[in-house]
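Enquirer: Counted from 1, the sequence shown has number 37 at position 38 by numbering that gives the first Met the number 0; the numbering is strictly sequential. If you scroll down you'll find the structure; I have some questions about it.
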Amino acid sequence: MSKVFVLGIDALSPVLLERWTEAGLLPNFRRVMEEGQWGPLRSTGEFSSPQAWPSFMTGVNPGKHGIFSFLQHVPCTYDVEHVTSRNLQVPTIFELLSGAEARVASLNVPCTFPLAPLNGVGISDWLCPSLGSPGATYPTELAAQLRRKYGEYPFHVDVKRHARAGRYDRALRNCRHGIRVKMEVAREIYRQGPWDLFALVFVETDAMQHYFWHFSDPAHPLYAQANRDRWGEPVLETYQALDEVLGEILDMLADDTNLLIMSDHGGAIYNRGQTYIPALLQHLGLLATETGSASQMLQPFRRGLLSLGEVLHGALPKPMKMRLYNHTLTRRLVERFFAKSFTASNDWSRTRAYCYYWETAPWVNLAGREPEGIVQPGEEYEAIRQTIIDALESARDEATGEPAVERAFRREEVYSGPCLEYMPDVGIWWNRHIPLYGPLRVQTVPGLITESAMDVAGITGGHDPFGTVICWGPELSAVKSLAGAKIEDLAPTILALLGQSVPGYMDGRPWSAARVEASALAAAAAASAGRTDSPYDAREEEIVSERLRNLGYM
0 MSKVFVLGID
10 ALSPVLLERW
20 TEAGLLPNFR
30 RVMEEGQWGP
40 LRSTGEFSSP
50 QAWPSFMTGV
60 NPGKHGIFSF
70 LQHVPCTYDV
80 EHVTSRNLQV
90 PTIFELLSGA
100 EARVASLNVP
110 CTFPLAPLNG
120 VGISDWLCPS
130 LGSPGATYPT
140 ELAAQLRRKY
150 GEYPFHVDVK
160 RHARAGRYDR
170 ALRNCRHGIR
180 VKMEVAREIY
190 RQGPWDLFAL
200 VFVETDAMQH
210 YFWHFSDPAH
220 PLYAQANRDR
230 WGEPVLETYQ
240 ALDEVLGEIL
250 DMLADDTNLL
260 IMSDHGGAIY
270 NRGQTYIPAL
280 LQHLGLLATE
290 TGSASQMLQP
300 FRRGLLSLGE
310 VLHGALPKPM
320 KMRLYNHTLT
330 RRLVERFFAK
340 SFTASNDWSR
350 TRAYCYYWET
360 APWVNLAGRE
370 PEGIVQPGEE
380 YEAIRQTIID
390 ALESARDEAT
400 GEPAVERAFR
410 REEVYSGPCL
420 EYMPDVGIWW
430 NRHIPLYGPL
440 RVQTVPGLIT
450 ESAMDVAGIT
460 GGHDPFGTVI
470 CWGPELSAVK
480 SLAGAKIEDL
490 APTILALLGQ
500 SVPGYMDGRP
510 WSAARVEASA
520 LAAAAAASAG
530 RTDSPYDARE
540 EEIVSERLRN
550 LGYM
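Have a look at this one:
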């Protein structure tokens, strides 16, 4: 029976990939693209990593698997929480295959921390604070082995701090080091096979594109040939480092192994759209603040603390930070602080819609759902959602005249399943072809929306709904067409290639023939999913919060 090797590359752009393979700059990618099949891969509803990677692993949309954001709204509260693998409501392919006694390896796959027991080997993802965290590896003793050889495993590479300080070479060096260590570890584990499914993910591309997109996109307003002359092209060099990795993988693979290269989404100009939502909701009269209240007066102080916290986090020695986190923070303190810092001045008795600054899609302050909800279900709820949608779709960037939004939608128009409660009431596809400089003119109401007060300094790259998929190998190369391929198709395709039945609850469908039926194995695995107790202690909460800030999620 054939084997499957998955090479996941976060945010791998089909546009950049095609440009650079045609120019002969990525010879190994060019080889597999010419010998196999390749094309765009449709991501999840709002094409973000926390939605898409779980959909890759489960074959279902976020409305079924239960993860919308890295910092997710806690139902029936105004709080948020860091998501982990325990938020998943359906089993992953790693669990399904382990239950079927297939040998699996899961290395660096996002949203797998803490790792569930596997019939094989696992290293969790960048949401894992350190090798010392329970669930960092499976088996547990692998963590100690990695630490002895490599020190601290590069779960997350520091790009933001160096990019914003102009140390572009340091940021690229960090990424190349992370890629090299992860590949070296993967090679050692691969030799312990045989493996039925071996999944290896690199996230360095996403971090680099967030802060260096303007080096590779001549259409970006910040593009400057002088920067390229001095610093080169950091995103291309990251792709070239992964091209070297691909060459090593091709040398390792046996003749019976299918190679599936995929990304969770693509890359594009960062449009800044989310930074306007709080002002929009206020302009529409939906978000009310407590004028003159103590809470409102403390708001600048809280924001100052956020900035001060980032400065101190970068300046303090790591041992001192660890001691401080261990002795001064309590369970979920960081999460609640960030959530309340941006909602504490809301007057809930007059607020009908609100948002959080890092995940700014609007929530309706719904009676019977939110603790102080005032909007009645039914007609009033739908009227408010329609008001928001109409305003967004009529918004124009005053600086360019371009539409600010491609589409605004009710959440049930894009997602389906029992987990809609984790998702904002209105979703937004911002115009990803231009950066918005504002102010935004809204056609449905007079006046201008004020400029954003949110700091996005340094971020020039965002996400695109279409990532990349490349199929290569004895069976995958024979796939006739990838037209319409979506990320939910990957899990059922992998199961089919490995001779497993595809559970009927999956939204995706395999690209090769397979039986589609409900599975007792899937039902058994599902019974153990959906665990929501947090694996983080107070210190680890802050470590993960800092990583989210580095990627612009906080």
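We put the CB at the ideal spot given by N, CA and C, even for glycine.
Could you check where the alpha helix (DSSP H) with P233 kicks off and where it finishes?
Expert: Its alpha helix (DSSP H) spans residues 233 to 251.
Enquirer: Is any heavy atom in the ligand NAD found nearer than 7 Å to the beta carbon of T256?
Expert: Of the ligands one can find in the structure shown there are none, so the ligand NAD has no counterpart to examine.
Enquirer: Please state the DSSP three-state secondary structure of T350.
Expert: Here T350 sits in coil by DSSP.
Enquirer: Whole-angstrom Cβ separation of G7 and A198, contact assumed at under 8 Å?
Expert: About 7 Å; that satisfies the 8 Å criterion.
Enquirer: Please classify D263 as buried or exposed, where buried requires at least 16 neighbouring CB atoms within 10 angstroms.
Expert: D263 comes out buried.
Enquirer: Relative to the C-alpha of W428, which candidate in Y167, S42, Y152 has its C-alpha closest?
Expert: Ranking Y167, S42, Y152 by Cα distance to W428 puts S42 first.
Enquirer: Could you spell out the range, first to last residue, of the beta strand (DSSP E) harbouring G461?
Expert: Taken as a continuous stretch (DSSP letters only), the beta strand (DSSP E) holding G461 covers 460 to 463.
Enquirer: Consult DSSP for D396 and reduce its assignment to one of helix, strand or coil.
Expert: D396 falls in the strand class under three-state DSSP.
Enquirer: Could you pull out every residue in the same chain whose Cβ sits closer than 7 Å to the Cβ of T399, ignoring the five residues on either side in sequence?
Expert: Within the same chain, T399 has close Cβ partners I433.
Enquirer: Can you give me the start and stop residues for the beta strand (DSSP E) that S415 sits inside?
Expert: It is not in any beta strand (DSSP E) - S415 carries neither H nor E in the DSSP assignment.
Enquirer: Just to confirm the assignment, what range does the beta strand (DSSP E) spanning V120 have?
Expert: Where V120 is concerned, the enclosing beta strand (DSSP E) stretches over 119 to 122.
Enquirer: So, helix, strand or coil for R229, using DSSP?
Expert: The answer is helix: DSSP assigns R229 an H, G or I state.
Enquirer: Let me know if Q442 comes out buried or exposed under the rule of 16 or more other beta-carbons within 10 Å of its beta-carbon.
Expert: Result: exposed.
Enquirer: Do you know whose CA, among G38, R431, G35, lies nearest D396's CA?
Expert: Here the closest residue by C-alpha is R431.
Enquirer: Can you tell me whether DSSP reads S1 as helix, strand or coil?
Expert: It is coil, neither helix nor strand.
Enquirer: What residue does the beta strand (DSSP E) around R166 start on, and which one ends it?
Expert: Premise fails: R166 is in no beta strand (DSSP E) and is neither H nor E.
Enquirer: Helix, strand or coil, according to DSSP, for C127 in the structure here?
Expert: The answer is coil: DSSP assigns C127 none of H, G, I, E or B.
Enquirer: Excluding sequence positions up to five away, which residues of its chain have a Cβ less than 6 Å from the Cβ of G119?
Expert: Cβ neighbours of G119 beyond the five flanking positions: R102, V103, A104.
Enquirer: Using 8 Å as the cut-off, can you tell me whether the stretch 479 to 488 makes contact with the stretch 30 to 49, which would need three or more C-beta pairs spanning the two stretches below that distance?
Expert: Yes, the stretch 479 to 488 touches the stretch 30 to 49.
Enquirer: In this structure, does DSSP put W212 in helix, strand or coil?
Expert: In the structure shown, W212 sits in a helix (DSSP, three-state: H, G or I).
Enquirer: Take the Cβ of E516 as the centre, count every other Cβ of all protein chains shown within 10 Å, and call the residue buried at 16 or more, exposed below.
Expert: Bear in mind that a pLDDT of 39 at E516, under 50, signals an unreliable position, so the model cannot answer this.
Enquirer: Taking the beta carbon of T327 as the centre, do at least 16 other beta carbons fall within 10 Å, making it buried, or is it exposed?
Expert: With a pLDDT of 37 at T327, under the threshold of 50, the modelled position of that residue is not reliable, and no figure is offered here.
Enquirer: Give me the DSSP bridge partner(s) of P402.
Expert: The partner list for P402 (beta bridge, DSSP) reads R395.
Enquirer: In its own chain, which residues sit with a C-beta less than 6 Å from the C-beta of A142, not counting the 5 before and 5 after it?
Expert: Same-chain partners within the cutoff: L130, A135, T136.
Enquirer: In whole angstroms, give me the CA-to-CA distance for P473 and E34.
Expert: Their backbone Cα atoms lie some 11 Å apart in a straight line.
Enquirer: Which of the three DSSP states is assigned to T329 in this structure?
Expert: Reliability of the predicted coordinates at T329 is poor, the pLDDT of 44 falling under 50, and no value is obtained from them.
Enquirer: Output the boundary residues of the alpha helix (DSSP H) element that contains F67.
Expert: Segment: none, F67 is in no alpha helix (DSSP H) and carries neither H nor E.
Enquirer: What separation, rounded to the nearest whole angstrom, lies between the Cα atoms of L87 and T256?
Expert: Cα to Cα, the separation comes out at about 29 Å.
Enquirer: Based on Cα-Cα distance, which residue from I260, A407, A343 lies nearest to Q273?
Expert: Per the Cα distances, A407.
Enquirer: Need the endpoints of the beta strand (DSSP E) that I493 sits in, please.
Expert: Not the beta strand (DSSP E): I493 falls in the alpha helix (DSSP H), residues 489 to 496.
Enquirer: With DSSP run on the structure shown, which of helix, strand or coil describes L15?
Expert: Here L15 sits in helix by DSSP.
Enquirer: On the premise that W125 lies in contact with P113, defined as a C-beta separation below 8 Å, what is that separation, rounded to the nearest angstrom?
Expert: Between W125 and P113 the Cβ distance is about 13 Å, and since that is not below 8 Å, they are no contact.
Enquirer: Going by C-alpha distance, which of Y414, T359, R368, T350 is nearest I383?
Expert: Considering only alpha carbons, the answer is T350.
Enquirer: Tell me whether L15 is buried or exposed, calling it buried when 16 or more other Cβ atoms sit within 10 Å of its Cβ.
Expert: So L15 ends up on the buried side.
Enquirer: Does the distance from the C-beta atom of L245 to that of F28 stay below 8 Å?
Expert: Cβ distance < 8 Å, so L245 and F28 count as in contact.
Enquirer: For N345 and T288, which I take to be in contact (beta-carbon distance under 8 Å), what is that distance rounded to the nearest angstrom?
Expert: Yes, N345 and T288 are in contact; Cβ-Cβ is about 6 Å, under 8 Å.
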